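S.K.: The C-terminal position of the sequence shown is numbered 757 in my numbering, with every residue numbered one higher than the one before it.
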Amino acid sequence: MVPELARKVVQGFTGAIKGLRLYPLRHPAVERQILSLYEDLCVFLRGKDRIRLGLLEGTLFIEDHLFTETVPAAEELGQLLKNLEIEGLEFRFGLAEDELRTLLSLLVNGGGKGRVFENTLAKRQLSHISVVKPEEEEEEKRPRQIYGRALKVVDTIFQDVRLGKIPSSAEALNVVKSMAELTLSEPHALFALSMLKDYDNYTFTHSVNVSVIALAVGRSCGLTEEQLRILGFGSLLHDLGKLKIDVGIITKPGRLTEEEFEEIKRHPRTGADIVAGMEGVTPEVIDIVLGHHLRYDQAGYPAEVSGKKLSPMTSMTSIADTYDAITTLRSYQRPMTPRKAIERLRELTGTVLHPQFTESFIASLGTYPVGSLVRLDSNEIGLVVWVDTHDPDSVRLKILFDENGERLAVPARLTLIGKKAHRIVAEVDPFVKGVEVTDYFD
Ligand SMILES: [Fe+2]
Numbered sequence: 316m317v318p319e320l321a322r323k324v325v326q327g328f329t330g331a332i333k334g335l336r337l338y339p340l341r342h343p344a345v346e347r348q349i350l351s352l353y354e355d356l357c358v359f360l361r362g363k364d365r366i367r368l369g370l371l372e373g374t375l376f377i378e379d380h381l382f383t384e385t386v387p388a389a390e391e392l393g394q395l396l397k398n399l400e401i402e403g404l405e406f407r408f409g410l411a412e413d414e415l416r417t418l419l420s421l422l423v424n425g426g427g428k429g430r431v432f433e434n435t436l437a438k439r440q441l442s443h444i445s446v447v448k449p450e451e452e453e454e455e456k457r458p459r460q461i462y463g464r465a466l467k468v469v470d471t472i473f474q475d476v477r478l479g480k481i482p483s484s485a486e487a488l489n490v491v492k493s494m495a496e497l498t499l500s501e502p503h504a505l506f507a508l509s510m511l512k513d514y515d516n517y518t519f520t521h522s523v524n525v526s527v528i529a530l531a532v533g534r535s536c537g538l539t540e541e542q543l544r545i546l547g548f549g550s551l552l553h554d555l556g557k558l559k560i561d562v563g564i565i566t567k568p569g570r571l572t573e574e575e576f577e578e579i580k581r582h583p584r585t586g587a588d589i590v591a592g593m594e595g596v597t598p599e600v601i602d603i604v605l606g607h608h609l610r611y612d613q614a615g616y617p618a619e620v621s622g623k624k625l626s627p628m629t630s631m632t633s634i635a636d637t638y639d640a641i642t643t644l645r646s647y648q649r650p651m652t653p654r655k656a657i658e659r660l661r662e663l664t665g666t667v668l669h670p671q672f673t674e675s676f677i678a679s680l681g682t683y684p685v686g687s688l689v690r691l692d693s694n695e696i697g698l699v700v701w702v703d704t705h706d707p708d709s710v711r712l713k714i715l716f717d718e719n720g721e722r723l724a725v726p727a728r729l730t731l732i733g734k735k736a737h738r739i740v741a742e743v744d745p746f747v748k749g750v751e752v753t754d755y756f757d
């Protein structure tokens with residue numbers, strides 16, 4: 316027998332689609348159908364990360380239910396997906412009504428077929444709906460995989476620079492494209508991984524982390540996918556000039572002498588000269604490399620850029636650079652927790668950092684950003700693993716310690732929506748609890 320909810324969702328889809336073929340989007344008759352479908356989808360999504368609806372060898376399925384029995388609505392919806400040449404659709408927790416309206420309009424009014432439909436949908440920047448991709452393609456798009464690819468790309472570029480060669484841009488542009496797409500579809504997924512800090516390969520991981528964080532900053536400031544790609548590319552290369560500085564100075568734990576600091580100050584110019592020879596480099600990329608140490612008040616270095624009009628992406632990269640630096644362990648500094656880091660960013664706003672960009676970034680992170688370890692009113696301790704982009708106070712947690720402080724062998728999942736997020740009473744320092752937060756991200 317077809318489960319009632321699966322049947323209702325499928326009928327809701329075909330009903331809304333039929334309605335939209337006759338009436339405009341906000342017509343009351345259509346609106347009723349869309350809202351009822353929206354409610355059913357939300358019920359389906361309760362307690363889940365995502366649900367999928369699509370075709371399996373030509374037969375419609377929704378989650379684990381395959382419509383093998385004759386259900387006219389399922390046949391109609393299956394036929395529509397076939398005509399559109401898409402395997403299926405994925406709806407993620409946090410789905411908004413407007414996202415559903417946009418999807419339905421595209422299904423009815425021709426969002427194109429196959430890849431074209433997928434791109435049209437991606438351009439609308441729906442955070443909670445996407446086209447289901449064939450398995451292997453999807454595998455390549457997982458956050459950790461993309462992060463790993465970015466590390467490899469930086470490694471190759473660094474080797475080329477050390478050998479005095481002009482690095483190739485092709486792979487970097489490729490991985491930055493995936494990073495930008497992922498940032499738009501799952502804004503906090505890559506950002507969470509920026510908490511991975513490999514202290515032995517600092518410049519290396521720092522480059523990838525600044526790029527990942529800069530994308531989060533850029534998204535919060537409303538950049539388009541195309542702009543995000545440029546920002547991601549520039550921030551990935553921002554410290555390239557450091558490779559030309561004596562490594563003893565770069566890794567020196569103590570205070571730098573004046574001469575050593577003068578040497579450090581040369582890295583933006585050296586870096587800009589290197590990237591200027593690379594393919595696919597736009598003026599914004601050069602601005603980022605040259606100006607990432609220029610402060611908002613125009614102090615900083617190099618002096619040659621002070622007072623010059625640089626791309627706003629330069630300021631976004633500076634925010635990311637600062638955020639990564641203060642959340643990283645140094646010989647002279649314990650890493651700040653995400654909330655402490657936010658406080659620090661606020662202190663630097665208006666002098667070192669661009670005020671509006673910094674505020675947009677902070678707002679997008681929510682009260683307890685992804686990667687925060689938090690104590691609940693029950694005394695349980697959990698890790699924030701997901702933040703709703705539409706309501707950054709709604710979070711999903713993995714509970715790591717029970718109310719008696721005992722570490723759980725298998726973390727329990729908990730979702731706190733809206734006011735329920737008030738159950739979080741404080742932030743906990745992962746250092747104190749011996750928690751490696753990145754072990755818990757997918
Ligand atoms: Fe730098």
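A virtual CB, placed ideally from N, CA and C, is assigned to each residue, including glycine. Here the structure is a predicted model, which is why all the values come from computation and not from measurement.
Run the proximity test for Asp-554: is its beta-carbon closer than 7 Å to any non-hydrogen atom belonging to ligand 1?
M.R.: The sequence position of residue 554 within the sequence shown is 239, counting from 1. It does: the Cβ of Asp-554 is within 7 Å (strictly closer) of some heavy atom of ligand 1.
S.K.: Does the beta carbon of His-607 fall short of 7 Å from some heavy atom of ligand 1?
M.R.: Sequence index remark: in the sequence shown, residue 607 carries index 292 (1-based). Within the cutoff, so yes.
S.K.: I want to check one thing, is the minimum distance from the CB of His-380 to the heavy atoms of ligand 1 below 7 Å?
M.R.: In the sequence shown, counting from the first residue as 1, residue 380 sits at position 65. Result no, Cβ not under 7 Å from ligand 1.
S.K.: Does the distance from the CB of Leu-798 to the CB of Pro-707 come in under 8 Å?
M.R.: For residue 798 there is no data in the structure shown, the boundaries of the chain being 316 and 757.
S.K.: Under the DSSP definition of a beta bridge, which residues are partnered with His-380?
M.R.: Translated into the one-based positions of the sequence shown, residue 380 becomes position 65. DSSP lists Ile-377 as partners of His-380.
S.K.: How would you label Phe-548, buried or exposed, when you count the other beta carbons within 10 angstroms and need 16 or more for buried?
M.R.: The residue labelled residue 548 in the question sits at position 233 within the sequence shown. With 16 or more Cβ atoms within 10 Å of its Cβ, Phe-548 is classed as buried.
S.K.: Could you tell me if the beta carbon of His-582 falls within a distance shorter than 7 Å of some heavy atom in ligand 1?
M.R.: What you label residue 582 is simply residue 267 of the sequence shown in a count that begins at 1. Yes; taking the cut-off as 7 Å, the Cβ of His-582 has a heavy atom of ligand 1 nearer than that.
S.K.: Using DSSP bridges, identify the partner residues of Leu-691.
M.R.: If you number the sequence shown from 1, residue 691 lands on position 376. DSSP output for Leu-691 lists Ile-739 as bridge partner(s).
S.K.: Got a sec, what are the start and stop residues for the alpha helix (DSSP H) Phe-716 sits in?
M.R.: For this step, residue 716 is matched to residue 401 along the sequence shown. That residue, Phe-716, is in no alpha helix (DSSP H); its beta strand (DSSP E) goes 710 to 716.
S.K.: Tell me which same chain residues have a C-beta within less than 6 Å of the C-beta of Ala-507, skipping the five on either side of it?
M.R.: Working through the sequence shown from its first residue, we reach residue 507 at position 192. Counting only Cβ-Cβ distances below 6 Å, and skipping sequence neighbours, we find Val-685, Gly-686, Phe-756.
S.K.: Return the chain-ordered list of same chain residues with a C-beta closer than 6 Å to the C-beta of Gln-348, the five sequence neighbours on each side being excluded.
M.R.: Within the sequence shown, residue 348 is the residue found at index 33, counting from 1. Taken in chain order, the residues that qualify are Gly-330, Ala-331, Gly-334.
S.K.: Considering Gly-533, what are the terminal residues of the alpha helix (DSSP H) in which it resides?
M.R.: For the purposes of this step, residue 533 is taken as the residue at position 218 of the sequence shown. First-last of the alpha helix (DSSP H) with Gly-533: 517 to 535.
S.K.: Put Leu-605 into one of helix, strand or coil per three-state DSSP.
M.R.: Residue 605 sits at position 290 when you count from the first residue of the sequence shown. DSSP places Leu-605 in helix when its eight states are reduced to three.
S.K.: On the premise that Leu-698 lies in contact with Leu-715, defined as a C-beta separation below 8 Å, what is that separation, rounded to the nearest angstrom?
M.R.: The residue given as residue 715 occupies position 400 in the sequence shown. The residue given as residue 698 occupies position 383 in the sequence shown. Yes, Leu-715 and Leu-698 are in contact; Cβ-Cβ is about 6 Å, under 8 Å.
S.K.: Three or more beta-carbon pairs under 8 Å between the stretch 479 to 495 and the stretch 544 to 562, yes or no?
M.R.: They touch, by the three-pair rule.
S.K.: Going by Cα to Cα distance, which pick from Ser-526, Pro-502, Met-510, Phe-519 is closest to Leu-488?
M.R.: Along the sequence shown, read from residue 1 onward, the residue named residue 488 stands at position 173. Nearest C-alpha to Leu-488: Ser-526.
S.K.: With DSSP as the reference, please indicate the residues paired to Ile-366 in a beta bridge.
M.R.: Locating residue 366 in the sequence shown gives position 51, counting from the first residue. Answer is Phe-406, bridged to Ile-366.
S.K.: Identify, in the order they occur along the chain, each residue of the same chain with its Cβ nearer than 7 Å to the Cβ of Gln-326, setting aside the five sequence neighbours on each side.
M.R.: Translated into positions along the sequence shown, residue 326 becomes position 11. So the list reads Ala-388, once near-sequence residues are dropped.
S.K.: By how many angstroms is the C-alpha of Ile-739 removed from the C-alpha of Glu-378?
M.R.: Position 63 of the sequence shown, counted from the first residue, corresponds to residue 378. Position 424 of the sequence shown, counted from the first residue, corresponds to residue 739. If you take the alpha carbons of Glu-378 and Ile-739, they lie about 32 Å apart.
S.K.: What does the alpha-carbon distance come out to for the pair Met-593 and Phe-408?
M.R.: Reading the sequence shown from its first residue, position 278 is the one you call residue 593. Reading the sequence shown from its first residue, position 93 is the one you call residue 408. Their Cα atoms are separated by approximately 41 Å.
S.K.: Comparing C-alpha positions only, which one of His-342, Thr-597, Val-710, Asp-612 sits nearest to Met-628?
M.R.: Taking the sequence shown and counting its residues from 1, one reaches residue 628 at position 313. Checking every option, the nearest Cα to that of Met-628 belongs to Thr-597.
S.K.: Check the DSSP bridge columns for Ser-445 and list the partner residues they point to.
M.R.: As a position in the sequence shown, residue 445 is number 130, starting the count at 1. Glu-405, per the DSSP bridge assignment.
S.K.: Using the beta-carbon count (16 or more within 10 Å), is Ser-626 buried or exposed?
M.R.: Numbered from 1 along the sequence shown, position 311 holds the residue referred to as residue 626. With 16 or more other Cβ atoms within 10 Å, it is buried.
S.K.: Give me whichever residues DSSP pairs with Thr-566 in a beta bridge.
M.R.: Along the sequence shown, one-based indexing puts residue 566 at 251. Its beta-bridge partners do not exist; DSSP assigns none.
S.K.: Among Thr-383, Phe-672, Val-752, which has the Cα closest to the Cα of Gly-537?
M.R.: Counted from its first residue, the sequence shown places residue 537 at position 222. Among Thr-383, Phe-672, Val-752, the Cα nearest to that of Gly-537 belongs to Phe-672.
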